[in-house]
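According to my numbering, the sequence shown holds residues 338 to 618 in order.
Beta carbons are placed, not taken as given, at the ideal position from N, Cα and C, and that holds for glycine.
Heads up: the structure comes next, in structure tokens.
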Amino acid sequence: MNFSLFMGASFEPLKSELSKINWERIGLNFLQHFLQIILITIFFWILNRIGKRLIRNSFERRDLIENQSARSQTVFAVTNNIFKYSVMFFYIYSILSNLGVPVGTLIAGAGILSVAIGLGTQGIVSDIINGLTILIEGQLRVGDSVTIQAIDGTVISIGLRTIELRAVDGTLHYLPNRSVSTVSNHSRGTQNVSIFLHISDAFEIDHAKDLLRDQLSNLKSASDKIKSTPVIQAPVIEKNRGYLGIQISFKVKPGYQAAMQTMVLDRCLKILSKENLKIEN
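As structure tokens, this is what we get:
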């Protein structure tokens, strides 16, 4: 079915209802109710100012308590817009009703047109609803390290329609909110880091384990980004290639996995090299 023909047909009920309206009488009503229209305008203007101030004050207090400015600013913008358009709707409804315009009849006549517009904008509505859910539930925050749709990266922006995700290689991805089904957030709680060392001489594994356990016992105090004392296990078998070696595991502050893994690996290599213990790739 041709969409333009469908849209043309959708306007017919609305045109029919508009032709039935006595516009001359409405013009006379406007002159007769001019003072009432001014009073209605002033009332809704004051209501709009007070409502916006109350919303702003509420979100400012929330920011101070929860310290979630990025999330709160977006939710604030959405709440502000919902309030603004609600006030605008009731203002226009009050003005038209005061002038004698059959608003209910117009809304009924525009029903088919609304369905047509709704079919074309259902994707946008889905984006907005899913975006609000993500924001209200606090699933993501700007700066979080996440995996979405098999893309690893950092959240740059959270909007009502899209999420901007900066991948590890620098690529900026724009993900529609409706396509986000599973979010793996790596920035919540402490993160586990694991290092496997393949010792060349299997008979030296126990010696290397004792050496690392002694030298890494104070690792937690070396950096405030490391949140646990390393757990050293040996001998263990590396899952992918079946190598025999030592497994070192520890917890770090979110966002510092790569940096702390590099630091600890460098320290392990220096400790083992002093004892002439070789590690293979």
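- Lys576 carries a coil assignment under DSSP once its states are collapsed to helix, strand and coil.
- Using a Cβ-Cβ distance cut-off of 8 Å, the segment 507 to 516 and the segment 464 to 476 are in contact, since at least three pairs of beta carbons, one from each stretch, lie closer than that value.
- Contact between Lys564 and Val589 is confirmed by a C-beta separation of about 6 Å, below the 8 Å threshold.
- The C-beta of Ala571 has 16 or more other C-beta atoms within 10 Å across all chains shown, which makes the residue buried.
- Close CB contacts of Gly490 within its chain, under the 6 Å cut and outside five residues either way in sequence, are with Leu502, Arg503, Ala504 (chain order).
- In this structure Ser494 is in contact with Val479, their Cβ atoms being roughly 7 Å apart against a cut-off of 8 Å.
- A distance below 8 Å separates the beta carbons of Ser524 and Gly592.
- Our two residues, Arg550 and Arg578, have alpha carbons roughly 25 Å apart in a direct line.
- Your pair His510 and Glu575 does not check out as a contact, with CB atoms roughly 32 Å apart and the cut at 8 Å.
- Distance from Val520 to Val573 at the Cβ level is roughly 32 Å; contact not present, criterion being Cβ atoms closer than 8 Å.
- Per DSSP, the beta bridge partners of Gly490 are Val483, Ala504.
- For the pair Pro567 and Leu556, the CB atoms are nearer than the 8 Å cut-off.
- If you ignore the 5 residues before and after Leu497, its C-beta comes within less than 6 Å of the C-beta of Ile465, Gly468, all in its own chain and listed in chain order.
- Per DSSP, the beta bridge partners of Gly582 are Val573.
- Scanning its chain for C-beta atoms nearer than 6 Å, with the 5 sequence neighbours on each side dropped, one finds around Ser431 the residues Ile377, in chain order.
- Looking at the DSSP output, Pro513 shares a beta bridge with Thr499.
- Look at Glu612 here: in three-state DSSP terms it is coil, with no helix or strand label.
- When secondary structure is reduced to three states using DSSP, Asn555 falls in the coil class, being assigned neither helix nor strand.
- Counting along the chain, no beta strand (DSSP E) covers Ser518, and no H or E run does either.
- Apart from the 5 residues on each side of it in sequence, Gln584 sits with its Cβ closer than 6 Å to the Cβ of Phe533, Gln570, Val573 in its chain, given in chain order.
- The criterion of a C-beta distance shorter than 8 Å is not satisfied by Ser537 and Ile608.
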